[in-house]
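See below for the structure under consideration.
Number of protein chains: 2
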Amino acid sequence: MRRVTPRRRQILDTAADLFAARGFHGVSVGDIGAAVGISGPALYKHFAGKEDILGQCLLHASERLLEGARALTEHGGDGDEVRHDRAGRAGHGGGTDAPAGHAGAPEDDVLEALIAFHTDFALSQPSLIVIQEREWGSLGEQARVRVRERQLAYIDVWTRALRPHRPELSPAQARAAVQAAFGLLNSTPHSARISRAAMRDLLTRMARAALTLSLIHI
Amino acid sequence: MRRVTPRRRQILDTAADLFAARGFHGVSVGDIGAAVGISGPALYKHFAGKEDILGQCLLHASERLLEGARALTEHGGDGDEVRHDRAGRAGHGGGTDAPAGHAGAPEDDVLEALIAFHTDFALSQPSLIVIQEREWGSLGEQARVRVRERQLAYIDVWTRALRPHRPELSPAQARAAVQAAFGLLNSTPHSARISRAAMRDLLTRMARAALTLSLIHI
DNA sequence: CCTCGCGGTTAATACTCTTTAACCATGCGG
DNA sequence: CCGCATGGTTAAAGAGTATTAACCGCGAGG
Numbered sequence: 136m137r138r139v140t141p142r143r144r145q146i147l148d149t150a151a152d153l154f155a156a157r158g159f160h161g162v163s164v165g166d167i168g169a170a171v172g173i174s175g176p177a178l179y180k181h182f183a184g185k186e187d188i189l190g191q192c193l194l195h196a197s198e199r200l201l202e203g204a205r206a207l208t209e210h211g212g213d214g215d216e217v218r219h220d221r222a223g224r225a226g227h228g229g230g231t232d233a234p235a236g237h238a239g240a241p242e243d244d245v246l247e248a249l250i251a252f253h254t255d256f257a258l259s260q261p262s263l264i265v266i267q268e269r270e271w272g273s274l275g276e277q278a279r280v281r282v283r284e285r286q287l288a289y290i291d292v293w294t295r296a297l298r299p300h301r302p303e304l305s306p307a308q309a310r311a312a313v314q315a316a317f318g319l320l321n322s323t324p325h326s327a328r329i330s331r332a333a334m335r336d337l338l339t340r341m342a343r344a345a346l347t348l349s350l351i352h353i
Numbered sequence: 136m137r138r139v140t141p142r143r144r145q146i147l148d149t150a151a152d153l154f155a156a157r158g159f160h161g162v163s164v165g166d167i168g169a170a171v172g173i174s175g176p177a178l179y180k181h182f183a184g185k186e187d188i189l190g191q192c193l194l195h196a197s198e199r200l201l202e203g204a205r206a207l208t209e210h211g212g213d214g215d216e217v218r219h220d221r222a223g224r225a226g227h228g229g230g231t232d233a234p235a236g237h238a239g240a241p242e243d244d245v246l247e248a249l250i251a252f253h254t255d256f257a258l259s260q261p262s263l264i265v266i267q268e269r270e271w272g273s274l275g276e277q278a279r280v281r282v283r284e285r286q287l288a289y290i291d292v293w294t295r296a297l298r299p300h301r302p303e304l305s306p307a308q309a310r311a312a313v314q315a316a317f318g319l320l321n322s323t324p325h326s327a328r329i330s331r332a333a334m335r336d337l338l339t340r341m342a343r344a345a346l347t348l349s350l351i352h353i
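Here the protein sequences line up with chains A and B, keeping their order. Going by the numbering used here, the first residue of the first sequence is number 136, and it counts up by one from there. Going by the numbering used here, the first residue of the second sequence is number 136, and it counts up by one from there.
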């Protein structure tokens with residue numbers, strides 16, 4: 136019941152899609168089984184139960200987000216000040232359109248890298264994004280706290296990256312701003328009528344503006 | 136089965152909270168009944184069924200949003216150009232902190248009013264916001280299309296209001312930008328660690344920046 | 001007075017769901 | 001060839017669900 140066989144991976148992927156589309160309680164184990172070509176109780180050869188499937192989805196998603204974010208901040212420093220060295224683009228494919236900086240502000244700090252990273256993740260794994268933000272309450276106690284820990288740590292990485300840009304914000308305000316930016320970036324499952332590249336460009340620009348320029352009055 | 140008695144209103148409100156918290160399929164009619172002090176099948180004296188309750192919640196929410204938005208645009212004009220006359224603040228209480236404009240841009244156009252209106256709605260009715268964006272798929276055919284019509288019309292009002300600010304965006308891009316802004320404004324149920332006034336201010340500023348300033352490169 | 005509709009009750013029906021049990025094919029190490 | 005783990009099957013159990021049925025107290029209008 137431990138290793139990750141291709142079948143298990145397939146089950147997790149299709150289950151994530153179903154959970155995202157109809158909600159955890161709106162999907163039966165029969166539905167999941169049928170979606171992968173087997174039927175109902177065969178899933179119990181791979182997972183302990185329905186809740187375990189959701190748990191593995193969420194553990195995997197939150198872990199990938201957190202580790203990706205931490206990889207962007209750990210260039211040797213603690214990430215509490217704006218860094219000017221090149222931030223790696225995170226292995227999620229695509230994304231040749233790096234923002235052409237021109238103002239005095241640093242163009243390649245951690246926040247910029249986080250925006251690009253999260254946008255790529257949301258565009259490539261919309262189902263994981265959806266269930267991560269709305270289904271973590273359907274988990275049992277132990278799995279929920281583990282997922283929640285990673286989610287809070289992920290928010291914390293973002294909040295620290297935002298601080299140098301917006302020193303006037305209190306920690307609580309910065310957290311709220313980060314979560315609002317998540318709402319913006321995670322809106323991609325609800326739209327998807329323009330090309331992926333255009334969506335990526337639009338979302339990164341909007342998130343950048345919302346996070347760094349929102350002190351300007353119109 | 137038609138008129139809106141206080142009991143019916145109470146049922147709809149508490150059901151909306153439950154649906155927002157645990158999802159439509161995660162709430163039983165017994166749960167809803169218990170939450171209002173009656174038990175289970177008594178709900179059928181007021182509504183045709185569980186799905187009908189969700190339908191009335193969503194119809195009500197989408198109607199209030201659409202009518203509120205339309206009231207802001209209908210000052211006699213069609214709202215396709217930026218208007219400089221005073222836009223009414225929408226009767227949702229609060230909100231004395233009008234943005235102090237200083238740049239050349241118009242400070243009180245329809246978009247600004249829509250941002251304020253939607254922010255107020257999201258802050259005062261978070262449950263309706265949540266179920267409106269994630270539970271409309273649990274509706275039957277006829278109710279779903281009626282709710283969806285209103286939602287699309289609401290998006291359309293926003294998109295038209297955004298056009299004069301961002302003429303370079305294609306209609307599809309403008310729609311995506313509007314939905315991203317909704318994601319940002321609707322993030323309020325996930326945070327709520329700062330005061331309502333501070334949240335209102337933060338969200339309106341971020342949405343304003345995301346929608347109107349996102350063409351600026353950092 | 002008395003009927004009658006309104007809003008409630010509990011019991012019962014007819015599912016559907018998760019999970020377990022019992023069984024079976026197949027490929028592989030010895 | 002044997003044994004057996006792997007991954008699948010169907011049947012069944014047991015809990016939970018929405019919905020309906022049958023019944024009841026009660027306040028108001030004739």
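Glycine included, C-beta positions come from ideal geometry on N, C-alpha and C.
{"Item": "Going by alpha carbons, who is nearest to HIS210/B out of ALA248/B, ARG142/B, VAL162/B, GLU268/B?", "Value": "ALA248/B"}
{"Item": "In this structure, how does DSSP classify THR323/B when only helix, strand and coil are distinguished?", "Value": "helix"}
{"Item": "Check whether chain A comes within 8 Å of VAL319/B, counting only Cβ atoms and requiring the distance to be less than that.", "Value": "It should be pointed out that residue 319/B corresponds to Leu in this sequence rather than to Val. Output row for LEU319/B: interface = yes."}
{"Item": "In angstroms, rounded to a whole number, what distance separates the CA positions of LEU189/A and LEU274/A?", "Value": "7 Å"}
{"Item": "Is there contact here, the segment 191-201 of chain B with the segment 277-290 of chain B, by at least three beta-carbon pairs under 8 Å?", "Value": "yes"}
{"Item": "Could you tell me if ALA183/B is buried or exposed, where buried requires 16 or more neighbouring beta carbons within 10 angstroms of its beta carbon?", "Value": "exposed"}
{"Item": "Confirm, please, whether the CB-CB distance from LEU194/A to TRP271/A is below 8 Å.", "Value": "no"}
{"Item": "Using three-state DSSP, classify GLN267/A as helix, strand or coil.", "Value": "helix"}
{"Item": "Note the first and the last residue of the continuous alpha helix (DSSP H) segment covering ASP166/A.", "Value": "164-171"}
{"Item": "Have a look at GLN191/A and ASN321/B and give me their C-alpha separation to the nearest angstrom.", "Value": "27 Å"}
{"Item": "What are the residues in the segment 156-167 of chain B lying within 8 Å of chain A by C-beta distance?", "Value": "ALA156, ARG157, GLY158, PHE159, HIS160, GLY161"}
{"Item": "Give the straight-line distance between the Cα atoms of THR294/A and THR323/A, rounded to the nearest whole angstrom.", "Value": "22 Å"}
{"Item": "Does the Cβ of GLN314/B have 16 or more other Cβ atoms within 10 Å, making it buried, or fewer, making it exposed?", "Value": "buried"}
{"Item": "With respect to the alpha helix (DSSP H) encompassing PHE256/B, which residues constitute its N-terminal and C-terminal limits?", "Value": "245-259"}
{"Item": "Residues of chain B with CB closer than 8 Å to the CB of GLY184/A, please, in chain order.", "Value": "The contacting residues do not exist; GLY184/A stays about 16 Å from chain B at best."}
{"Item": "What is the rounded straight-line gap between the Cα of ARG138/B and the Cα of LEU153/B?", "Value": "23 Å"}
{"Item": "Return helix, strand or coil for SER349/A, following the three-state DSSP convention.", "Value": "coil"}
{"Item": "Please classify ARG218/B as buried or exposed, where buried requires at least 16 neighbouring CB atoms within 10 angstroms.", "Value": "Only weak support exists for where ARG218/B lies, its pLDDT of 43 falling under 50; the coordinates are left without a value."}
{"Item": "By how many angstroms is the C-alpha of LEU147/A removed from the C-alpha of SER259/A?", "Value": "15 Å"}
{"Item": "Is there a Cβ from chain B that is less than 8 Å from the Cβ of ARG335/A?", "Value": "no"}
{"Item": "Determine the burial state of ARG269/B: buried for a count of at least 16 other Cβ atoms within 10 Å of its Cβ, exposed for fewer.", "Value": "buried"}
{"Item": "I want to verify the contact list: residues of chain A whose CB lies under 9 Å from the CB of ILE329/B, in sequence order.", "Value": "SER305, ALA307, GLN308, ARG310, ALA311"}
{"Item": "Can you give the beta carbon distance from ALA316/B to ALA342/B, rounded, assuming they're within the 8 Å contact cut?", "Value": "5 Å"}
{"Item": "Using only the alpha-carbon positions, how far apart do ASP166/B and GLY175/B sit?", "Value": "7 Å"}
{"Item": "Against ALA150/A, what residues of chain B qualify as contacts under a CB-to-CB distance less than 7 Å, listed in chain order?", "Value": "Those within 7 Å of ALA150/A in chain B number zero; the least Cβ separation is about 16 Å."}
{"Item": "Given VAL164/A, which residues of its chain have a CB within under 7 Å of its CB, disregarding the five upstream and five downstream residues?", "Value": "GLY175, LEU178, LYS185"}
{"Item": "Would you say GLN260/B faces chain A, with C-beta separation under 8 Å as the test?", "Value": "no"}
{"Item": "Hey, would you say ALA344/A sits closer than 8 Å to LEU348/B, going by beta carbons?", "Value": "yes"}
{"Item": "Using only CA atoms, which one of ILE329/A, THR254/A, LEU246/A, GLN277/A lies nearest to ALA311/B?", "Value": "ILE329/A"}
{"Item": "Would you kindly work out how many angstroms separate the C-alpha atoms of ALA327/A and MET334/A, rounded to a whole number?", "Value": "8 Å"}
{"Item": "Within 8 Å of any Cβ in chain A, is that where the Cβ of HIS253/B sits?", "Value": "no"}
{"Item": "Under 8 Å Cβ to Cβ from LEU319/B, same chain only, skipping five residues before and after it: list those, please.", "Value": "LEU338, MET341, ALA342, ALA345"}
{"Item": "Does the beta-carbon of SER305/A have 16 or more other beta-carbons within 10 angstroms, so that it is buried, or is it exposed?", "Value": "exposed"}
{"Item": "So with Cβ pairs under 8 Å, would you call GLY172/B a contact of chain A?", "Value": "no"}
{"Item": "Give the single residue among VAL282/A, GLU276/A, ARG143/A, GLU303/A whose Cα lies nearest to the Cα of VAL171/A.", "Value": "ARG143/A"}
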